[in-house]
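Chains as they are written, first to last, in the numbering used here: chain A, 1002 to 1649; chain B, 71 to 170. Quick reminder that beta carbons are idealized off the backbone N, C-alpha and C, glycines included. Let me begin by presenting the structure, written as structure tokens, before commenting on it.
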């Protein structure tokens, strides 16, 4: 009988639970926001006076936030599992009778995961940035913006209502714009910052529409309020909410169709790419979907859309990453792809939420580590990022090489490193979804694993092995300890985070009160995971055959259609330009035309009429006394005639 | 029988002759004389109406008009003299500088 078997393997949604009031040490949770915000205010308003010690404040604030985060986390662990959701009321933002919004912080397992990730990995990246930005005169301003980002991101994950989340959402968008365009004098950087902001804005429109719809339907925007009332709403409203939230997530997480900004965002300094565009900001979309899991649980269509977007982006990013010679852009394609995995998992419902978060946390470690490694390479190679100019760097940068390789093994999913433990449950859950959709999604995820192995192996081989392809003008050597220590810590995290989170169902049990429970795991070495490993080996072997055994040409060869397409970001920019930009330009030109000819024409005609009439009228002033006398006579006659008419 | 209507008719004829003269003649002195003619035509009309109504209001107004006419002639001829001294011409057509 399939019924009982189905029940035994089913995923369970999270039980509806109202959070309790924050108690004890968690009542100071506002410190999490206050520390980085104070840092940002001091550094940005203090100006040049704070240049000397600015970076110290900039590092101290996230570290302080991390320390408090740990304290709050251990306080949470001391509570029983059903009492771990705590709400801390901060202040009333909108005290209007029909639209009351309080700002509070929700400390529950999901938000604490993110708090630790943001402050922990963030602190490491801040420390790295002290060394990376050491020669830059704008370093203090950089740390000001980075602290602003940390504050906004923490608000995003800690807010207990969608409006507070939206405030944090916008804040991270602003910080991303400021940091991508940090070197404003570079036109490419300024353009990339604008592009990121505009693409995000489209997503933000989706999120704000979702919030408006929530308010119109439920009368409230708090998580507790919306989730408790969503059972009573119609299916159409739930699907609409899900799709709008997905649109918002697409913008922030660079998923299709709003993916074009992520590769350009690599114009920013590498710590920015590591923190914002790898570990934290781009994962905000996944957070949004997982946090809104009661909404998505109620709408299968929205979930299907999420999985489709995730799977498509997964392959999209992987294909782009295969052809990029710029090391940062290859890693950015990889980020897009890995977030596709997370989105795919989040779209699978309770069967996948916990695994999406597990992969997110592991990804934070290894992707940040990979980016910091790439930054070290770039730093030493005089800001060169073309991998065709690298080669044999493992000889001169051993620590960077080792940490990079650990991150590489983690991302491709080699046991016992992180990726193996966090990626395979996602692929399994995709197959377990069943039906054609499950088969397609699972196959896409498997393929993605193989392609990931290919392009990451390509990156490692082109950068660190083979013959040296750089000139004598460049003298790379190992980076200073302030930059290597964060990389080492992140490498340790990349190695162990996956096993730590997945073995013993640690993270699954921790997040169960918030996101529900997936079906029990079928063990580590299932046919799916072995198949994934086999594809990984195949992908790595192909990359070795092309880039490891043969010499890497210093100039990129012309390439066949697929390579050319991948180099052009699979025509993502071209599509955006033809579908959105050109019609937009025509629209603006049309408006300008109407403004010039229509509106201005109207006004000018009026003025010309007045001018013409007055020109005609002034000819009455002839200067001849007799004509004036005549007009007086005529006027007098008319007056008399009028008087006579009235009398008669 | 001479009725008040005859007086009015005569006043109208004199008035019309005077106004045509103002409009047609070029010499400023002749224009003044025509203006005087118009004023006197109006005086005649007022006196005729006074006789018609049997009270003296019209005659009083005629007095006023005469006084004003005298004052106006003084001022007008003074201006004309000044213009003549400047331009050596008494033609009204010549003083046409205040035009567009």
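Name the one or two DSSP bridge partners that residue i has.
i	result
residue 1087 of chain A	A/1021, A/1108
residue 1625 of chain A	None, per the DSSP bridge assignment.
residue 1387 of chain A	A/1327
residue 97 of chain B	B/161
residue 1160 of chain A	A/1106
residue 1013 of chain A	A/1518
residue 1663 of chain A	Given that chain A is displayed from residue 1002 to residue 1649, the structure contains no residue 1663 of chain A and the question cannot be resolved.
In three-state terms, what does DSSP make of residue i?
i	result
residue 1100 of chain A	strand
residue 1008 of chain A	Because the pLDDT of residue 1008 of chain A is 41, which lies under 50, any placement of that residue in the model is unreliable, and the question is left without a value.
residue 1095 of chain A	strand
residue 1256 of chain A	coil
residue 1468 of chain A	coil
residue 1420 of chain A	helix
residue 1649 of chain A	coil
residue 1477 of chain A	coil
residue 81 of chain B	helix
residue 103 of chain B	helix
residue 1461 of chain A	helix
residue 71 of chain B	coil
residue 1552 of chain A	coil
residue 1184 of chain A	coil
residue 1634 of chain A	helix
In angstroms, rounded to a whole number, what distance separates the CA positions of residue i and residue j?
i	j	result
residue 1005 of chain A	residue 1417 of chain A	With a pLDDT of 39 at residue 1005 of chain A, under the threshold of 50, the modelled position of this residue cannot be trusted; read the value that follows with caution. Each residue's alpha carbon lies about 35 angstroms from the other.
residue 1191 of chain A	residue 1337 of chain A	22 angstroms
residue 1153 of chain A	residue 1309 of chain A	29 angstroms
residue 1197 of chain A	residue 1608 of chain A	45 angstroms
residue 84 of chain B	residue 161 of chain B	24 angstroms
residue 1508 of chain A	residue 1271 of chain A	30 angstroms
residue 1542 of chain A	residue 1455 of chain A	8 angstroms
residue 1482 of chain A	residue 1370 of chain A	15 angstroms
residue 152 of chain B	residue 1615 of chain A	34 angstroms
residue 1644 of chain A	residue 1611 of chain A	33 angstroms
residue 1077 of chain A	residue 1513 of chain A	14 angstroms
residue 1008 of chain A	residue 1168 of chain A	With a pLDDT of only 41 at residue 1008 of chain A, under 50, the local geometry of the prediction cannot be trusted, and the value read off the model is given with reservation. When rounded, the distance between both Cα atoms is 41 angstroms.
residue 1003 of chain A	residue 1112 of chain A	The pLDDT assigned to residue 1003 of chain A is 42, lower than 50, so where the model puts this residue is not dependable, and the model offers no usable value.
residue 1257 of chain A	residue 1442 of chain A	16 angstroms
residue 1174 of chain A	residue 1365 of chain A	19 angstroms
residue 1013 of chain A	residue 1355 of chain A	12 angstroms
residue 1358 of chain A	residue 1437 of chain A	25 angstroms
residue 1048 of chain A	residue 1066 of chain A	23 angstroms
residue 1227 of chain A	residue 1162 of chain A	9 angstroms
Take residue i as the anchor and find which of the options has the nearest alpha-carbon.
i	options	result
residue 1547 of chain A	A/1061, A/1034, A/1458	A/1458
residue 1429 of chain A	A/1648, A/1068, A/1531, A/1552	A/1531
residue 1295 of chain A	A/1309, A/1243, A/1162	A/1243
residue 1262 of chain A	A/1565, A/1577, A/1520	A/1577
residue 1108 of chain A	A/1136, A/1075, A/1137	A/1075
residue 1031 of chain A	A/1094, A/1042, A/1160	A/1160
residue 1218 of chain A	A/1241, A/1206, A/1204	A/1241
residue 1411 of chain A	A/1492, A/1169, A/1390	A/1492
residue 1335 of chain A	A/1280, A/1601, A/1029, A/1393	A/1280
residue 1300 of chain A	A/1284, A/1343, A/1348	A/1348
residue 1289 of chain A	A/1158, A/1376, A/1383	A/1158
residue 1478 of chain A	A/1345, A/1402, A/1121, A/1257	A/1402
residue 1073 of chain A	A/1591, A/1584, A/1629, A/1110	A/1110
residue 1553 of chain A	A/1163, A/1469, A/1603	A/1469
residue 1510 of chain A	A/1453, A/1593, A/1292, A/1083	A/1083
residue 1213 of chain A	A/1304, A/1285, A/1164, A/1081	A/1164
residue 1303 of chain A	A/1140, A/1105, A/1238	A/1238
residue 146 of chain B	B/87, B/137, B/99	B/99
residue 1060 of chain A	A/1144, A/1208, A/1291	A/1144
Discussion item. Measuring CB atoms only, is the segment 1395-1404 of chain A touching the segment 1306-1324 of chain A, in the sense that at least three cross pairs come out at less than 8 angstroms?
Written reply: A contact between stretches requires three or more CB pairs, one per stretch, nearer than 8 angstroms, and the segment 1395-1404 of chain A fails this requirement with the segment 1306-1324 of chain A.
Discussion item. Whether or not the segment 1126-1134 of chain A and the segment 1056-1063 of chain A are in contact is what I'm after, with contact meaning three or more pairs of Cβ atoms, one per stretch, closer than 8 angstroms; do they touch?
Written reply: Result yes; three or more Cβ-Cβ pairs closer than 8 angstroms.
Discussion item. Can you confirm whether the segment 1484-1498 of chain A touches the segment 1147-1158 of chain A when touching is taken to mean that 3 or more C-beta pairs between the two stretches lie within less than 8 angstroms?
Written reply: Contact fails: fewer than three Cβ-Cβ distances are below 8 angstroms.
Practice prompt. May I ask you to verify whether the segment 1085-1102 of chain A touches the segment 1249-1265 of chain A, counting CB pairs closer than 8 angstroms and requiring at least 3?
Written response: Judged by Cβ distances under 8 angstroms, the segment 1085-1102 of chain A makes no contact with the segment 1249-1265 of chain A, as fewer than three pairs qualify.
Discussion item. Any contact between the segment 1434-1448 of chain A and the segment 1532-1542 of chain A? By contact I mean 3 or more CB pairs, one from each, below 8 angstroms.
Written reply: Short answer: they touch.
Item to complete: Would you check if the segment 108-128 of chain B and the segment 76-94 of chain B touch, i.e. whether three or more CB-CB distances between them fall below 8 angstroms?
Response: A contact exists between the segment 76-94 of chain B and the segment 108-128 of chain B.
Discussion item. Is it the case that the segment 1245-1260 of chain A contacts the segment 1196-1211 of chain A, given that we only count it when at least three CB pairs across the two stretches are under 8 angstroms?
Written reply: These segments touch.
Discussion item. When you compare the segment 1180-1194 of chain A with the segment 1225-1233 of chain A, are there three or more beta-carbon pairs, one atom per stretch, that lie closer than 8 angstroms?
Written reply: Contact between the segment 1180-1194 of chain A and the segment 1225-1233 of chain A is absent, because fewer than three Cβ pairs lie under 8 angstroms.
Practice prompt. Take every Cβ of the segment 1215-1229 of chain A, pair it with every Cβ of the segment 1177-1185 of chain A, and state whether three or more of those distances are shorter than 8 angstroms.
Written response: Fewer than three beta-carbon pairs drawn from the segment 1215-1229 of chain A and the segment 1177-1185 of chain A are found closer than 8 angstroms, and the two stretches are therefore not classed as touching.
Worksheet item: Taking contact to mean at least 3 C-beta pairs separated by less than 8 angstroms, is the segment 1078-1097 of chain A in contact with the segment 1015-1028 of chain A?
Response: Counting Cβ pairs under 8 angstroms, three or more are found: they touch.
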